[in-house]
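K.L.:
Quick one: structure below, then a few questions.
2 protein chains.
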Amino acid sequence: MSCGEDTGTHTHKWVYAFGDGRADGHAGMKELLGGKGANLAEMSRLGLPVPPGFTISTEVCTWFYRHDRRYPDTLVAEVEAALGAIEQSLGARFGDRDLPLLVSVRSGARASMPGMMDTVLNLGINDATVEGLIRRSGDPRFAYDSYRRFLQMYGNVVLNLDHHLFEDILEAYKHGRGVTLDTELGVDDWHAVVGRYQSMITDRLGTPFPQDPRAQLWGAIGAVFGSWMNQRAITYRRLHDIPEDWGTAVTVQAMVFGNMGEDCATGVAFTRSPATGENVFYGEYLVNAQGEDVVAGIRTPQSLTVAGKGDGAGDKPAMEETMPAVYRELAEIRCRLERHYRDMQDIEFTVQQGRLFILQTRNGKRTAAAALKIAVDLAAEGVVTQEEALGRLEPTALDQLLHPTLDPKATKTVIGRGLPASPGASAGRIVFTADVAEKSAERGEQVILCRVETSPEDIHGMHAAAGILTTRGGMTSHAAVVARGMGRTCVVGASGLRIDHRAGVLMAGAHHLAEGDVITLDGSSGEVMLGEVPTIAPALTGDFATLMGWADHARRLVVRTNAETPQDAATARKFGAEGIGLCRTEHMFFDADRIVAVREMIIADTPEERRAALAKIAPMQTRDFADLFRIMAGFPVTIRLLDPPLHEFLPHSEAEIAEVADAAGVDPQCVHQRAIQLAEANPMLGHRGCRLGITFPEIYETQARAIFRAAAEVDRETGATVMPEIMIPLAATRRELEVLKALIDRVAAEEREATGRTVPYLVGTMIELPRAALRAAELAEVAEFFSFGTNDLTQTTFGISRDDSASFLPDYQRLGIVARDPFVTLDTDGVGELLSIAVARGRAVRPDLKIGICGEHGGDPASIRFCESIGLDYVSCSPFRVPIARLAAAQAVQDGTGDRREDR
Amino acid sequence: MSCGEDTGTHTHKWVYAFGDGRADGHAGMKELLGGKGANLAEMSRLGLPVPPGFTISTEVCTWFYRHDRRYPDTLVAEVEAALGAIEQSLGARFGDRDLPLLVSVRSGARASMPGMMDTVLNLGINDATVEGLIRRSGDPRFAYDSYRRFLQMYGNVVLNLDHHLFEDILEAYKHGRGVTLDTELGVDDWHAVVGRYQSMITDRLGTPFPQDPRAQLWGAIGAVFGSWMNQRAITYRRLHDIPEDWGTAVTVQAMVFGNMGEDCATGVAFTRSPATGENVFYGEYLVNAQGEDVVAGIRTPQSLTVAGKGDGAGDKPAMEETMPAVYRELAEIRCRLERHYRDMQDIEFTVQQGRLFILQTRNGKRTAAAALKIAVDLAAEGVVTQEEALGRLEPTALDQLLHPTLDPKATKTVIGRGLPASPGASAGRIVFTADVAEKSAERGEQVILCRVETSPEDIHGMHAAAGILTTRGGMTSHAAVVARGMGRTCVVGASGLRIDHRAGVLMAGAHHLAEGDVITLDGSSGEVMLGEVPTIAPALTGDFATLMGWADHARRLVVRTNAETPQDAATARKFGAEGIGLCRTEHMFFDADRIVAVREMIIADTPEERRAALAKIAPMQTRDFADLFRIMAGFPVTIRLLDPPLHEFLPHSEAEIAEVADAAGVDPQCVHQRAIQLAEANPMLGHRGCRLGITFPEIYETQARAIFRAAAEVDRETGATVMPEIMIPLAATRRELEVLKALIDRVAAEEREATGRTVPYLVGTMIELPRAALRAAELAEVAEFFSFGTNDLTQTTFGISRDDSASFLPDYQRLGIVARDPFVTLDTDGVGELLSIAVARGRAVRPDLKIGICGEHGGDPASIRFCESIGLDYVSCSPFRVPIARLAAAQAVQDGTGDRREDR
């Protein structure tokens, strides 16, 4: 319904009442009533005992601004009528000195909007009604405290008087009385402060604080509408593309009090256990208390149910015992709410003189384990469909279920904090080098590898360690990526810690820890703790398998894994991976038994020398690939040919140099010189990817041959279908692919000839450069598949090195320059447009082009949603992310437009 | 005209004759006659004495392939008729043993196409006609040598016999005769070789070599048409998008001989001097000689003109004296050709028994100085318009005119070769460090700074040196970019040389040069030479100014310069720059008198410390800007705020560290630690550009303040209009610009308040990241101008670091993966699309958005053409490139679509 210029003169409905089990509105009327108003109407319509009230619609806001800040003629009468209904329902009266009605006034836009007036509570108090409040509550201190709070809140948000004006008065008063805490002030003190507040208001504004509750009410309504056009709200709307003509609604609701005697109470209830998900009624309450008393924790709350007694809540009487009738009503509401909202609810309630009021209900927060159980149970109970159940789980929460977690009951001494790079909780002895990590692990010790940062040469140590801690690097630093891939606990960029690995010291403030000292890492929170903190093992219950089955049924995207070791590949299969989307061959090159040969290859000056070194590596590569093909039999395996800058493999220490020189039969000085020659200013943009294949074709030739030999071997051995997909990294031009595909095809033909076996294979490319995305049509003329390498594509599109971003990305997030780390969640605006371009142009040329993603984003739910929306065929992620991706892919199908989940 | 299926049965013209001052075709018929056929027809039609001949049209080729490799019925008759006309013209007959006619047969596609049959010469020789040839030439050895050459050529290209078959026979024969050189063989030897060739052909093919000249002719015609469909030609067409149905033509032309006696001659003529451009007839000839004798240089040729005698050509009689009638005819043709082709011509001619034949005419190659003079003269003579004259100059050739060049007469010993990074020729003493360079220069010595590569800390040494030589890096390495900016001679990436700067040795093969030894660099060829090679100083004649004036009149693009020093800015003004498009403030930071303060700023741990250091720099920056504003009064000056990774400024040596620690009053160990902390893995993608401004706002604030103070100062002092354009580098998001523009606007307001002067200014951004180009609409909401930083944009779009590209770009160019170094000439397909996108999206939001380019490409003609085509407002380039850019911008307007020049 739109609000025309002339509706003010017609009999138009401006005010929507709710309460007493009825309402003019419902949950679907957010546009007219705002989020809060629509929800209150919905609860009331459900028959819940919501404190009565009414909502002035957003149309009034629009009318207000179109008519020089006046209200429609009929508004006052409608408000009066609605107010009358509240008074009748509660038997109280606005401004009555015996039974005064107090109300709250809240703004309510369609979406919550910072910068707008939020809330005025206790409106209706004045010098007369405060007496009624005293009489009703029997607590004069509470009444005057409420009065001065109301003055302060109203003075600030409605009368625009600065906070400090009130604070100064209070401080001066306390100073005069020689006290420092508010709690030391009594009723007379608050009475006095109320007086001083009123004087100050009169001084400042030239008119006294309005004693007339109706004047207070219209003041608050005007303040809400006025705040729609204040500078902060305008800026916020501009930044978030919220149209100005949406307007705000104003909701006025009766205040109810849980502190008016022993027949009053206030509490919180969950319809199921938020910790375990069990279908039990769970909650706490306090007799004769305000809501904030529950939160403040000054008094220990009591259990709602007899069954819940003793479980943290002490064994004081349950509400089930003290207020059986109210309890029964609440228990009945519990069922009704779950049926209606079809999810576990978190309910706030107040009992005012024996009468139950529901203040709020919302989907309850829960642990990952509870979320899983509740979703599966609700589907089993027929409350939600399987599809809906899938939507109830935050995919990333699954991570908690796959790794050990800290025992929540344990005490812990946090000595540092970094980024939660790879989940799980692990304790172990501090070691500072990969070699020591490996040796300690061989002795059966749990160790935590502590480094400033890690490099590919630390891989064996990372594998040996229970956890990895670095003081530098971000969520996609080497340590983070590798640790997630291996399922190792990892905290990175703990910049408050300092590691002096020569001295063998980890400094954390006053703590100086040495090698062998024990610490615990929480990879889900980023915390570093002293000593061993107990952990809880993961229990993959039947619910997990059930939900995953539903997800597999629902999703369209295939989920593959990024893996190069047999262990990782096997783990990923266990987690449901349908093939390998990225096997990084260079990761196979760092093993101790081959790094010397690899280094020999790199320092080679001629193709012949290089071939000689490669000949040593070739049989190992063949074995590597054969292992993967066996594990992934029947599924495709995408093998990326050598990608990283060669200098990553260079020997550094004198000993390493000597070893390589010895193996290659050259002078160590030569090796040293060559290492210097191969050093690069910006290795990420250097001599890597297919540039290696172009300049040193013998490397790719050896790798291709290893692939075809391994495939033929596994085929011969097992008869299983082996489907290698050979991926050329970092291509920017069609010609690179032409040259390298010709090489691969030649090797394939030679091996077909030699083995007599035809291995079906594809040759494709990674799209990881902006130019590749733009020229996708050309590339697709040669490439049979695309795989988006979104790590590199993000680096080049943003011009940000993920290894170096830690020095400014935190500031960027703080200032709202980037909402989320673009290396974690795909930047759909920039990088995403390149993906869309590449998909469209690639498929225009080759309609059956297989397209996937194998960057870190392949395991991020928001990014997976985007992948679904642009029609990719598969996502590939690290093994421990596979279940997350399966669920996220299922949700992405349901989301359709891909927008819904963001609203939750 | 298209060739239908049935035209073979109609009377259709297939053959186009030329000769005797007439022709069936003309230059515009390339599609039908191929390039060669059309040109010969044109010359003939002009009345030039072209050896007569005919062209079989491309339609025959098409017909041939549509009819199972048969010819149209009427073709034989048409060829016979055309052959008859040739015979009549020359009084010779095909196959006649007294006066034999010999012909050449050539393929002729629209564009020259490698992989196709090229040429068969001397067709018509057989055992009988060879005798006539002997009689006519009086030179039996020549006749039999021609015969065996014909057999070899025909055998290879028509009969498909491998080269080595002929070579083996010749080698065996020479071995038997005990000689090694062809010149040692006499007439009987060649006669014998002819016999052995014929036997081999008979053995191989089972039939003898065709003695019938008509059989030879049709064999050659068939070979040309057949070669259109050979594999190499097909591949070439595919790579160059040449449609298969274009077909090829076949041109048959009479051979003429300049070696049939003393009334015969052969030579080359230029219509003007190719060295100076002077309007004099210039050329050489040899009496009784073949064309190849002129080329081979065995005999010294004689001058055409009396005036030209003694000028290198010795003082043997000029043709003007020996063959006055022929000379007069040639001199008359000279004028006719220049008038017709409207450019200086390079003419090949032969005199056969007193009769002049013109074999070829084409636009003559010339030096840059000649090109300039000829273009201006031709326009003055009314032969071409000013606009055409502008199109006659290769803009980059102007570079030669602005720098000293090597004396072409000097002898030189080349000891190494690198990339020609910055033109000019300079000799000087070898120095290995910037400090020594500076000290030597202070003593008045010319030095060449030799480094593996340069860094910003070498700037003072580069300034002091006459030339810079590096052994690493590409055309846009630091050394190359800075040297071009300064106008210093520079050769980079001379990878054959080795510099051991500790030992103080430059190794070039066997040469070991020490500090103080003299070398010469040629920055236009990339050569490194031993000792001092004499050079010629540039002379900017009036012609240069004239042509530049025409260019300025014709161009639309504004040309600015990249400059930060007063010297560079003044040079650029002298060369016609209309403002500064890029002032790199960081270049101002390396001066000895401020680097310590800059380093102090960088190692600062807190904003306060940073401000303290900045306070020392601020007055210097203000002076810098004021100097530039004075020089560029009335023109805009774009100042880029600090851009490079901070660690570029870090102190390295102990002495530097101590100096900084001292200035900052901290422990050297601190400085050392901070330096390690600031090191980055990929500095190009690191903490730089506006990321510095975001994290350390005090830096940009100081710079902005210096700009406004300097502008106000110059305004007050001179009343000149100062137009600063403040450029925010490396933005990827709108929000970065919002935050930093707010900062700049605040400083502007504060300074306006303080100085009472309003400085008009713009705030804009560099578009140098793919994301910035894609999100241009958002950025343009904040930015008032865009400047394309195509160096960085190329780096990120391609994912190639220009500092590291030398290890693979040469291979890439060799394999045709990139046609041109994308850091020199804009990659229009990839990077160019991003530019187009940014222009369109930016202007959609802000129609008056000022857009320019300030990467190295701003001085590259092909890139400037692209800038014109997408509607940029200006280009900005280094000072010495400004004239090039002015000319290129003028040509770009004329080109319209921007394609024409590529065809030249």
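Quick mapping for you: the protein sequence lines, in order, are chains A and B.
The working numbering numbers the first residue of the first sequence as 1 and each following residue consecutively.
The working numbering numbers the first residue of the second sequence as 905 and each following residue consecutively.
The beta-carbon is built from N, C-alpha and C at its ideal position, and this holds for glycine as well.
Quick caveat: nothing in here was measured; it's all calculated off a predicted structure.
1. Would you tell me roughly how many angstroms separate the C-alpha atoms of Ala1744 (chain B) and Gly1775 (chain B), rounded to the nearest one?
2. Which ranges does the alpha helix (DSSP H) cover as unbroken runs of at least 4 residues, wholly within the segment 727–778 of chain A, from first to last along the chain?
3. From A:Leu159, A:Thr571, A:Gln891, pick the residue whose C-alpha is nearest to that of Pro879 (chain A); which is it?
4. Any idea which residues DSSP pairs His1067 (chain B) with across the strands?
5. Measure how close the beta-carbons of Ala1274 (chain B) and Ala1293 (chain B) come, nearest whole angstrom, since I'm counting them as under 8 Å.
6. Between Ile699 (chain A) and chain B, is there a C-beta pair that is closer than 8 Å?
7. Round the Cβ separation of Leu692 (chain A) and Ala732 (chain A) to the nearest angstrom and send it over; I've been treating them as touching at under 8 Å.
8. Which term fits Lys917 (chain B), buried or exposed, when burial requires 16 or more other beta carbons within 10 angstroms of its beta carbon?
9. Could you tell me whether any Cβ in chain A is nearer than 8 Å to the Cβ of Leu1719 (chain B)?
10. Here's the rule: buried if 16 or more other CB atoms are within 10 angstroms of the residue's CB, otherwise exposed. What is Leu937 (chain B)?
11. Starting from Glu278 (chain A), trace the alpha helix (DSSP H) both ways and give me its first and last residue.
12. Here's the rule: buried if 16 or more other CB atoms are within 10 angstroms of the residue's CB, otherwise exposed. What is Cys1354 (chain B)?
13. So Ile580 (chain A) and Val598 (chain A) are supposed to be a Cβ contact under 8 Å. How far apart are they, rounded?
14. Write down every uninterrupted run of the alpha helix (DSSP H) in the segment 299–357 of chain A whose length is 4 residues or greater and which is fully enclosed by it, in chain order.
15. Could you pull out every unbroken beta strand (DSSP E) segment of at least 3 residues lying fully inside the segment 1410–1462 of chain B, listed in chain order?
16. DSSP state of Cys264 (chain A), grouped into three classes?
17. Return the chain-ordered list of same chain residues with a C-beta closer than 6 Å to the C-beta of Gly1216 (chain B), the five sequence neighbours on each side being excluded.
18. Using a Cβ cut-off of 7 Å, which residues of the segment 1559–1593 of chain B contact any Cβ in chain A, in chain order?
19. Please give me, in chain order, every unbroken run of the alpha helix (DSSP H) with length at least 4 that falls completely inside the segment 639–693 of chain A.
20. DSSP on Ala885 (chain A), reduced to helix/strand/coil?
21. Are there 16 or more other CB atoms within 10 angstroms of the CB of Gln1257 (chain B), so buried, or fewer, so exposed?
22. Taking the alpha helix (DSSP H) that Pro1114 (chain B) falls in, what are its first and last residues?
23. Hey, which unbroken runs of the alpha helix (DSSP H) at 4 residues or more fall wholly within the segment 70–103 of chain A?
24. Looking at the C-beta of Val893 (chain A), does it have a partner C-beta in chain B at a distance below 8 Å?
25. Rounding to the nearest angstrom, what Cα-Cα distance links Thr796 (chain A) and Thr1700 (chain B) in this structure?
26. What does DSSP give as the partner residue(s) for Arg417 (chain A) in the beta ladder?
27. Which of the three DSSP states, helix, strand or coil, is assigned to Gly1759 (chain B)?
28. Any beta-carbon of chain B closer than 8 Å to the one on Gly799 (chain A)?
29. Check distances from the C-beta atoms of the segment 769–781 of chain A to those of chain B and list, in chain order, the residues that come in under 7 Å.
30. Could you tell me whether the Cβ of Thr1637 (chain B) comes closer than 8 Å to any Cβ of chain A?
31. Whole angstroms are fine: how far does the CA of Gly496 (chain A) sit from the CA of Ile603 (chain A)?
32. Distance, Cα to Cα, Val268 (chain A) vs Asp1649 (chain B)?
33. Under a Cβ-count criterion, where at least 16 other Cβ atoms within 10 Å of its own Cβ denotes burial, should Asp1362 (chain B) be classed as buried or exposed?
34. Would you mind sorting Lys1478 (chain B) into buried or exposed? The rule is 16 or more other CB atoms within 10 Å of its CB.
35. List the endpoints of the continuous beta strand (DSSP E) containing Ala425 (chain A).
36. Expressed to the nearest angstrom, what Euclidean distance is found between the alpha-carbon atoms of Arg1270 (chain B) and Leu1425 (chain B)?
P.N.:
Let me spell this out:
1. The count along the second sequence starts at 1 and reaches residue 1744 (chain B) at position 840. The count along the second sequence starts at 1 and reaches residue 1775 (chain B) at position 871. Distance between the alpha carbons of Ala1744 (chain B) and Gly1775 (chain B): 10 Å.
2. Whole alpha helix (DSSP H) segments, 4+ residues: 734–755, 770–774.
3. One-based indexing of the first sequence puts residue 879 (chain A) at position 879. Closest in C-alpha terms to Pro879 (chain A), from the list A:Leu159, A:Thr571, A:Gln891, comes A:Thr571.
4. Taking the second sequence and counting its residues from 1, the one referred to as residue 1067 (chain B) is at position 163. According to DSSP, which records beta bridges pairwise, His1067 (chain B) is partnered with nothing at all.
5. The residue given as residue 1274 (chain B) occupies position 370 in the second sequence. The residue given as residue 1293 (chain B) occupies position 389 in the second sequence. Actually they do not touch by this definition, with Cβ atoms about 14 Å apart.
6. The sequence position of residue 699 (chain A) within the first sequence is 699, counting from 1. By this cut-off, Ile699 (chain A) is not an interface position.
7. If you number the first sequence from 1, residue 692 (chain A) lands on position 692. If you number the first sequence from 1, residue 732 (chain A) lands on position 732. That pair is no contact at about 14 Å.
8. One-based indexing of the second sequence puts residue 917 (chain B) at position 13. Exposed, by the Cβ-count rule.
9. Here residue 1719 (chain B) is taken as the residue at index 815 of the second sequence, counted from 1. Yes - at least one Cβ of chain A is within 8 Å of the one on Leu1719 (chain B).
10. As a first step, residue 937 (chain B) must be located in the second sequence, where it is residue number 33. Classification for Leu937 (chain B): buried.
11. Here residue 278 (chain A) refers to the residue found at position 278 of the first sequence. No residue range can be given for Glu278 (chain A), since it is assigned to no alpha helix (DSSP H) and is classified by DSSP as neither H nor E.
12. The sequence position of residue 1354 (chain B) within the second sequence is 450, counting from 1. Its Cβ being crowded by 16 or more others within 10 Å, Cys1354 (chain B) is buried.
13. In the first sequence, residue 580 (chain A) corresponds to position 580, counting from 1. In the first sequence, residue 598 (chain A) corresponds to position 598, counting from 1. At roughly 22 Å, the Cβ-Cβ gap does not stay under 8 Å, so Ile580 (chain A) and Val598 (chain A) are not in contact.
14. Here the runs fully enclosed are 319–322, 324–341.
15. DSSP runs (the beta strand (DSSP E)) wholly in the segment 1410–1462 of chain B: 1415–1418, 1422–1426, 1431–1434.
16. The count along the first sequence starts at 1 and reaches residue 264 (chain A) at position 264. For Cys264 (chain A), the three-state secondary structure derived from DSSP is coil.
17. Looking up residue 1216 (chain B) in the second sequence gives position 312. In this predicted model, Gly1216 (chain B) has a pLDDT of only 49, less than 50, meaning its place in the structure is not dependable; the value taken from the coordinates is given anyway. None.
18. Against chain A - using a Cβ distance shorter than 7 Å - the residues of the segment 1559–1593 of chain B are Glu1584, Ala1585, Asn1586, Pro1587, Met1588, Leu1589, Gly1590, His1591.
19. Counting only unbroken stretches of 4 or more residues, the alpha helix (DSSP H) elements lying wholly within the segment 639–693 of chain A are 654–664, 668–678, in sequence order.
20. Position 885 of the first sequence, counted from the start, is the residue given in the question as residue 885 (chain A). In this structure, DSSP gives Ala885 (chain A) a helical state, which the three-state scheme calls helix.
21. Sequence index remark: in the second sequence, residue 1257 (chain B) carries index 353 (1-based). It is exposed - the Cβ of Gln1257 (chain B) has fewer than 16 other Cβ atoms within 10 Å.
22. What you label residue 1114 (chain B) is simply residue 210 of the second sequence in a count that begins at 1. Looking at the DSSP string, Pro1114 (chain B) is not in any alpha helix (DSSP H), and its letter there is neither H nor E.
23. As far as the segment 70–103 of chain A is concerned, its whole alpha helix (DSSP H) runs of at least 4 residues are 75–90.
24. Taking the first residue of the first sequence as 1, we reach residue 893 (chain A) at position 893. Not a single C-beta of chain B is nearer than 8 Å to the C-beta of Val893 (chain A).
25. The count along the first sequence starts at 1 and reaches residue 796 (chain A) at position 796. The count along the second sequence starts at 1 and reaches residue 1700 (chain B) at position 796. Between Thr796 (chain A) and Thr1700 (chain B), the alpha-carbon positions lie close to 5 Å from each other.
26. Position 417 of the first sequence, counted from the start, is the residue given in the question as residue 417 (chain A). Looking at the DSSP output, Arg417 (chain A) shares a beta bridge with A:Glu527.
27. Residue mapping note: residue 1759 (chain B) aligns to position 855 of the second sequence, counting from 1. Correct three-state label for Gly1759 (chain B): coil.
28. Here residue 799 (chain A) is taken as the residue at index 799 of the first sequence, counted from 1. In terms of beta-carbon proximity, Gly799 (chain A) lines the interface with chain B, with at least one pair separated by less than 8 Å.
29. Listed in sequence order: Leu769, Pro770, Arg771, Leu774, Arg775.
30. The residue labelled residue 1637 (chain B) in the question sits at position 733 within the second sequence. It does; some Cβ of chain A falls within 8 Å.
31. Position 603 of the first sequence holds residue 603 (chain A). Position 496 of the first sequence holds residue 496 (chain A). Approximately 39 Å, taken between the alpha carbons.
32. On the first sequence, position 268 is the one that residue 268 (chain A) refers to. On the second sequence, position 745 is the one that residue 1649 (chain B) refers to. Their backbone Cα atoms lie some 51 Å apart in a straight line.
33. In the second sequence, counting from the first residue as 1, residue 1362 (chain B) sits at position 458. Around the C-beta of Asp1362 (chain B), 16 or more other C-beta atoms lie within 10 Å, and the residue is accordingly described as buried.
34. Along the second sequence, one-based indexing puts residue 1478 (chain B) at 574. By the 10 Å Cβ count, Lys1478 (chain B) comes out exposed.
35. Translated into positions along the first sequence, residue 425 (chain A) becomes position 425. Following the DSSP letters along the chain, one finds Ala425 (chain A) inside the beta strand (DSSP E) bounded by residues 425–431.
36. As a working mapping, residue 1270 (chain B) is identified with position 366 in the second sequence. As a working mapping, residue 1425 (chain B) is identified with position 521 in the second sequence. Distance between the alpha carbons of Arg1270 (chain B) and Leu1425 (chain B): 23 Å.
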